[in-house]
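With this note's numbering, letter number 40 in the sequence shown gets 685, and the count goes up by one each step, no holes.
Inspection log for the structure reproduced underneath, given as structure tokens.
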Amino acid sequence: MLDNLTQRLSGVIKNLRGQARLTESNIQDALREVRMALLEADVALPVVKEFATQVKQAAMGQEVIGNLNPGQAFIGVVHRELTRLMGEHNDALNLAATPPAVILMAGLQGAGKTTTCGKLAKLLHDQHKKKVLLVSCDVYRPAAIEQLRTLAKQLEIDFFASDISQKPQDIAL
């Protein structure tokens with residue numbers, strides 16, 4: 646998602662170069678690219694619409710000051726609104742829960758859940774000195790279980806070998 650958004654925002658900057666200020670017309674063109682990137686990343690349509698409205702209101706008629714060009718000024722507005730939308734505070738994981746602390750990863754196929762699980766497991770193990778166990782409850786895709794097993798082995802993280810004959814809720818317990 647972020648790679649695609651970054652590429653599109655780079656294009657927005659190029660398209661806004663040479664403009665003296667942000668106008669309704671060039672903001673609409675730039676927002677079209679941002680909306681498409683967010684929708685392609687499976688962001689909900691109502692969220693995208695609200696985000697676009699907020700960016701448009703914040704950017705409309707904004708004077709380009711200092712060494713900034715209109716593209717950079719627009720990106721600043723987008724950044725502020727994304728930060729507001731996603732949450733301005735960086736809340737840490739609450740690992741003080743009575744062990745075991747369980748982290749459930751859910752999402753669309755191909756969204757990067759397995760890779761994120763590996764990265765999170767490595768971080769918790771190496772930096773927070775936690776004992777980590779990776780468990781796959783995806784009994785409907787045996788390759789997903791093997792992918793997680795391989796990743797756990799590469800990272801030297803413990804892995805619980807679930808079986809496709811088990812029910813996901815039984816594995817989770």
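C-beta atoms are modelled at their ideal positions from N, C-alpha and C, and glycine is treated no differently.
Secondary structure, beta strand (DSSP E): runs of 3+ residues fully inside the region 759–789: Within the region 759–789, the complete beta strand (DSSP E) runs of at least 3 residues are 778–780.
Alpha-carbon spacing of Y613 relative to E685, whole angstroms: In this structure the chain extends from 646 to 818, so residue 613 is not present and cannot be described.
Alpha-carbon spacing of I790 relative to V777, whole angstroms: For I790 and V777, the distance between alpha carbons rounds to 17 Å.
Cα-Cα separation, A704 to L730: Cα to Cα, the separation comes out at about 16 Å.
Between the CA atoms of P813 and D783 - distance to the nearest angstrom: Going from the Cα of D783 to the Cα of P813 covers about 7 Å.
Per DSSP, cross-strand counterpart(s) of F804: In the DSSP output, where bridge partners are listed per residue, F804 has L779.
Pairwise C-alpha distance: D687 and A697: A straight-line Cα-Cα distance of about 15 Å links A697 and D687.
7 Å CB neighbourhood of E678 in its chain, flanking five on each side removed: Exclusion of the five residues before and after E678 leaves R653, G656 and V657 as the residues of its chain whose Cβ lies within less than 7 Å of its Cβ.
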